[in-house]
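Asker:
There are 2 protein chains.
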Amino acid sequence: MNQKTNISQIAVVGTGVIGAGWIARCLAHGIQVIATDPAPDAEANLRKSLQQAWPSLEKTGISPGTSPEDLIFETDMAKAVEKADLIQENVPEVLELKHQVLGAISQACRKDAIIASSTSGITPSVLQQGCHCPERLLVAHPFNPVYLLPLVELVAGEKTEPAVLTRAESFYKEIGMKPLIVRREVEGHVADRLMEALWREALHIVNEDIATTEEIDAAIIYGAGLRWAQMGPFLTFHMAGGEAGMRHMLKQFGPALKLPWTKLEAPELTEDLKEKVINGCETHAGNKSVTALAAKRDEFLVEVLQLAEKYWPEPQSIMKK
Amino acid sequence: MNQKTNISQIAVVGTGVIGAGWIARCLAHGIQVIATDPAPDAEANLRKSLQQAWPSLEKTGISPGTSPEDLIFETDMAKAVEKADLIQENVPEVLELKHQVLGAISQACRKDAIIASSTSGITPSVLQQGCHCPERLLVAHPFNPVYLLPLVELVAGEKTEPAVLTRAESFYKEIGMKPLIVRREVEGHVADRLMEALWREALHIVNEDIATTEEIDAAIIYGAGLRWAQMGPFLTFHMAGGEAGMRHMLKQFGPALKLPWTKLEAPELTEDLKEKVINGCETHAGNKSVTALAAKRDEFLVEVLQLAEKYWPEPQSIMKK
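These protein sequence lines are chains X and F, in that order.
Everything in the first sequence is counted per the UniProt record's numbering, starting at 1 for the first residue and increasing by one.
Everything in the second sequence is counted per the UniProt record's numbering, starting at 1 for the first residue and increasing by one.
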């Protein structure tokens, strides 16, 4: 039994890549899991996935006495969810299917259970239209592999009770995650909108024969990718501005937003937007100077470089010496 | 004297953040460097930057007997470049200034010297219009911090001699970099177009109060950022497709390109584009199954997670427990 949230048993509905990832993470943190999926080979595939994930989980640290064998698989969805404190839904991104499954879950589950959808794109208020307990439904969108990556985006819908969001936030922290509460509902939430923008530009670049998919991957991993495990795009650009940080950076590179560098038009750089960006970065940097941030970044990069070199593409790759 | 390229002395014109980064990297690899910059405090700032960069360079491994003291600073640009085998230009991104400086460099330099511009946005053919030896000019665009990040984009202009590109590629490999030869000239080259797309979407998200700058940074570092130091967006999506890879992924998520997930419109997913993307990923993956790739990714993630946790944002941050 979990101390803070009283969430000790969850049900996982849909056991593809994302569902299996949730199950591995939860089992390794000592949460009881009942899984359900209508596919005939679902249980066998799931048990195989758990075996594959477990050695990595063991290296990151798991709760004593836990095992992938602790999983209970139940083909009847209503039975699978009936006692759960939280139900994590991971069915395909088809709205009718989501509504149908969430409707069935909300009829079969306990009256105090939280229903969390892993949807990467649909907003919670839209999901709530198909749910009998919209006040207990929210989006909890994870990233693949779910058992290793800590980010989970939590999005409340119009009808989500604030206490449900708070309790969910505590639960995801307890299973080792970094919940990001998204302030406003928007299709694709935050992280996938950012990735989708990069992905769309990448498709344009391939389409116009400027670079191949492998070259684009190389353009990410040997440059920005190395930095982005420690520092996001805003703090990175804050440092590109020298000691004056983002304030100088926007002055120097702001005009480039008008250039046709990407297929995506930039927003107007109004005073209001400038202040949001500058104040955001300065608050984030706290009392640290750009020099101090750079020293920390460099320490990280030295270590991550040594690590990444072990795992970078094979000798057949275009980029290998 | 370098064995393969005969490049033993370079001149660095413009010693801001990027110029200083080139100098640190080259000195640490035993290349003689003469630096020049018209700002009155340029030499003092540069020597300070080199001192800051050196400990990180020492940890990544430097040529024996090298030191930041090896730098020669010369205020007269014509003198600084006259004996150099390669001149790296890093003046501000203003076309008139670039043309003026490249014109002066090309008059003062040796008749076999390579002139490389660090421009992040301007195409080499446009730069060549202001240069007296366009056949020896190319773009060599690095990433900050230049002394640690290995990516350098090499872009030939209409008049660049193929042998110049080849020699430059060898040189940048010799100073520990991963040159990416960009197939076609385009504003922003490849990596900055990708980053700019993400950055523009991020500005839209801030502008619409969906997330703060710090939340957007968190949405990158705790999710995709952890993966992107080892695997770019294409191979990542290849794995999201399960064993059928990108072929299945485009079938399942291709329709999402039509959704208004970002401000950027996606290209039409034609058969031709699909084949480029699918074949690109399958070639890149070589004979490795998605399961085998996932195992390698997980090994990397376990290690990078342990490393990143040491460097992630301070306790005042929104995301810290």
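A virtual CB, placed ideally from N, CA and C, is assigned to each residue, including glycine.
So that I know if they touch, is there some Cβ in chain X lying closer than 9 Å to that of S289 of chain F?
Answerer: The count along the second sequence starts at 1 and reaches residue 289 of chain F at position 289. Not one chain X Cβ lies under 9 Å of S289 of chain F.
Asker: Alpha carbon to alpha carbon, how far is H83 of chain X from L138 of chain X?
Answerer: For the purposes of this step, residue 83 of chain X is taken as the residue at position 83 of the first sequence. For the purposes of this step, residue 138 of chain X is taken as the residue at position 138 of the first sequence. Looking at the sequence itself, residue 83 of chain X is Lys, so the reference to His does not match. Rounded to the nearest angstrom, the two C-alpha atoms are 19 Å apart.
Asker: Do you know offhand how far Y172 of chain F's Cα is from V164 of chain F's?
Answerer: Within the second sequence, the letter at position 172 stands for residue 172 of chain F. Within the second sequence, the letter at position 164 stands for residue 164 of chain F. Rounded to the nearest angstrom, the two C-alpha atoms are 12 Å apart.
Asker: Check whether chain F comes within 9 Å of L305 of chain X, counting only Cβ atoms and requiring the distance to be less than that.
Answerer: Stepping through the first sequence from its first residue, residue 305 of chain X is reached at position 305. Judged by the 9 Å Cβ criterion, L305 of chain X is in contact with chain F.
Asker: So what does V33 of chain F bridge to, in DSSP terms?
Answerer: As a working mapping, residue 33 of chain F is identified with position 33 in the second sequence. Answer by DSSP bridge pairing, in chain order: F:I10.
Asker: Residue range of the alpha helix (DSSP H) that Q107 of chain X falls in?
Answerer: In the first sequence, the residue the question calls residue 107 of chain X occupies position 107. Counting along the chain, the alpha helix (DSSP H) containing Q107 of chain X begins and ends at 95-108.
Asker: Under the DSSP definition of a beta bridge, which residues are partnered with V139 of chain X?
Answerer: The count along the first sequence starts at 1 and reaches residue 139 of chain X at position 139. DSSP lists X:S117, X:V155 as partners of V139 of chain X.
Asker: How long is the line joining the alpha carbons of G225 of chain X and A78 of chain X, rounded to whole angstroms?
Answerer: On the first sequence, residue 225 of chain X is found 225 positions in, with the first residue counted as 1. On the first sequence, residue 78 of chain X is found 78 positions in, with the first residue counted as 1. Cα to Cα, the separation comes out at about 43 Å.
Asker: Have a look at V152 of chain F and I18 of chain F and give me their C-alpha separation to the nearest angstrom.
Answerer: By 1-based counting over the second sequence, the position of residue 152 of chain F is 152. By 1-based counting over the second sequence, the position of residue 18 of chain F is 18. C-alpha separation (whole angstroms): 12 Å.
Asker: Do you know how far the Cα of T60 of chain X is from the Cα of R110 of chain X?
Answerer: As a working mapping, residue 110 of chain X is identified with position 110 in the first sequence. As a working mapping, residue 60 of chain X is identified with position 60 in the first sequence. Rounded to whole angstroms, R110 of chain X to T60 of chain X spans 33 Å at the Cα level.
Asker: Pick helix, strand or coil for P179 of chain F, following the three-state DSSP scheme.
Answerer: On the second sequence, residue 179 of chain F is found 179 positions in, with the first residue counted as 1. Strand.
Asker: According to DSSP, is Q230 of chain X part of a helix, a strand, or is it coil?
Answerer: Translated into positions along the first sequence, residue 230 of chain X becomes position 230. Of the three classes helix, strand and coil, the one that applies to Q230 of chain X here is coil, per DSSP.
Asker: Taking the beta carbon of S118 of chain F as the centre, do at least 16 other beta carbons fall within 10 Å, making it buried, or is it exposed?
Answerer: Reading the second sequence from its first residue, position 118 is the one you call residue 118 of chain F. The residue is buried, with at least 16 neighbouring Cβ atoms inside 10 Å.
Asker: DSSP has F73 of chain F in a bridge; who is on the other side?
Answerer: Position 73 of the second sequence, counted from the start, is the residue given in the question as residue 73 of chain F. Answer is F:A35.
Asker: Keeping to the same chain, check which residues put their C-beta closer than 8 Å to that of L305 of chain F; ignore five residues upstream and five downstream.
Answerer: Counted from its first residue, the second sequence places residue 305 of chain F at position 305. Excluding sequence neighbours, L305 of chain F sits near L226.
Asker: Looking at P179 of chain F: is its Cβ nearer than 9 Å to the Cβ of T160 of chain F?
Answerer: Counting from one through the second sequence, the residue named residue 179 of chain F turns up at place 179. Counting from one through the second sequence, the residue named residue 160 of chain F turns up at place 160. No; because the gap between Cβ atoms is not below 9 Å, this pair is not in contact.
Asker: Going by alpha carbons, who is nearest to R193 of chain X out of F:A211, F:A240, F:I34?
Answerer: Taking the first sequence and counting its residues from 1, one reaches residue 193 of chain X at position 193. For R193 of chain X, the nearest C-alpha among the options comes from F:A211.
Asker: Would you please verify whether the beta carbon of E215 of chain F is less than 9 Å from any beta carbon of chain X?
Answerer: To locate residue 215 of chain F, count along the second sequence from 1; it is residue 215. E215 of chain F counts as touching chain X.
Asker: In angstroms with no decimal places, state the Cα-to-Cα distance between Q316 of chain F and M231 of chain X.
Answerer: Numbered from 1 along the second sequence, position 316 holds the residue referred to as residue 316 of chain F. Numbered from 1 along the first sequence, position 231 holds the residue referred to as residue 231 of chain X. Since pLDDT at Q316 of chain F reaches only 48, below the 50 mark, its modelled position is unreliable, and the value read off the structure follows with that caveat. Straight-line Cα distance between these residues: approximately 15 Å.
Asker: Using a Cβ cut-off of 8 Å, pull out every chain X residue sitting near F234 of chain F, in sequence order please.
Answerer: Working through the second sequence from its first residue, we reach residue 234 of chain F at position 234. Per Cβ cutoff of 8 Å: A202, T213, E214, I216, D217.
Asker: Less than 9 Å between the C-beta atoms of residue 322 of chain X and G245 of chain X, yes or no?
Answerer: In this structure chain X extends from 1 to 321, so residue 322 of chain X is not present and cannot be described.
Asker: Using alpha carbons as the reference points, say which of X:G65, X:C281, X:G223, X:E268 lies closest to residue 346 of chain X.
Answerer: Residue 346 of chain X cannot be examined here, being either before or after the span of chain X that is shown, 1 to 321.
Asker: For a cutoff of 9 Å on Cβ pairs, would you count C281 of chain F as touching chain X?
Answerer: The sequence position of residue 281 of chain F within the second sequence is 281, counting from 1. Closer than 9 Å to some Cβ of chain X, the Cβ of C281 of chain F qualifies, so yes.
Asker: On the three-pair Cβ rule with 8 Å, is the region 52-59 of chain X touching the region 285-301 of chain F?
Answerer: At 8 Å Cβ cutoff, the stretches touch.
Asker: To which residues of the same chain is M249 of chain F closer than 6 Å at the C-beta, ignoring the five residues directly before and after it?
Answerer: Working through the second sequence from its first residue, we reach residue 249 of chain F at position 249. Excluding positions up to five away in sequence, the list reads F237, A240, G241.
Asker: Starting from Q129 of chain X and walking both ways along the beta strand (DSSP E), at which residues does that stretch end?
Answerer: The sequence position of residue 129 of chain X within the first sequence is 129, counting from 1. From DSSP, Q129 of chain X is part of no beta strand (DSSP E); its letter is neither H nor E.
Asker: Where does the unbroken beta strand (DSSP E) through E268 of chain X begin, and where does it stop?
Answerer: The residue you call residue 268 of chain X lines up with position 268 of the first sequence. No beta strand (DSSP E) holds E268 of chain X; DSSP gives it neither H nor E.
Asker: Select from the region 221-233 of chain F all residues with a C-beta closer than 9 Å to any C-beta belonging to chain X, and list them in chain order.
Answerer: The residues in question are I221, Y222, G223, A224, G225, L226, R227, W228, A229, Q230, M231, G232, P233.
Asker: Would F143 of chain X and A218 of chain X be called neighbours here (beta carbons separated by less than 9 Å)?
Answerer: The residue you call residue 143 of chain X lines up with position 143 of the first sequence. The residue you call residue 218 of chain X lines up with position 218 of the first sequence. No, they are not a contact pair.
Asker: Flag W22 of chain X as yes if its beta-carbon sits less than 9 Å from any beta-carbon of chain F, otherwise no.
Answerer: Start at 1 with the first residue of the first sequence, and residue 22 of chain X comes out as number 22. Output row for W22 of chain X: interface = no.
Asker: By the 10 Å Cβ neighbour count, where 16 or more other Cβ atoms means buried, how is T15 of chain F classified, buried or exposed?
Answerer: The sequence position of residue 15 of chain F within the second sequence is 15, counting from 1. Burial call: buried.
Asker: At least one CB of chain C closer than 9 Å to the CB of I205 of chain F: is that the case?
Answerer: The chain inventory of the structure shown lacks chain C, comprising the protein chains X and F.
Asker: Could you work out which residues of chain X lie near M77 of chain F, taking near to mean beta carbons separated by less than 8 Å?
Answerer: Position 77 of the second sequence holds residue 77 of chain F. Per Cβ cutoff of 8 Å: no residues; M77 of chain F is ~22 Å from chain X at best.
Asker: On the three-state DSSP scale, how would you describe K321 of chain X?
Answerer: Along the first sequence, one-based indexing puts residue 321 of chain X at 321. Unreliable positioning characterises K321 of chain X in this predicted model, as indicated by a pLDDT of 46, which lies under 50. A coordinate reading is not provided.
Asker: Between T66 of chain X and chain F, is there a C-beta pair that is closer than 9 Å?
Answerer: The sequence position of residue 66 of chain X within the first sequence is 66, counting from 1. Closer than 9 Å: no.
Asker: Report yes if the CB atom of V101 of chain X is closer than 9 Å to the CB atom of V13 of chain X, and no otherwise.
Answerer: The residue labelled residue 101 of chain X in the question sits at position 101 within the first sequence. The residue labelled residue 13 of chain X in the question sits at position 13 within the first sequence. A contact, by the Cβ cut-off of 9 Å.
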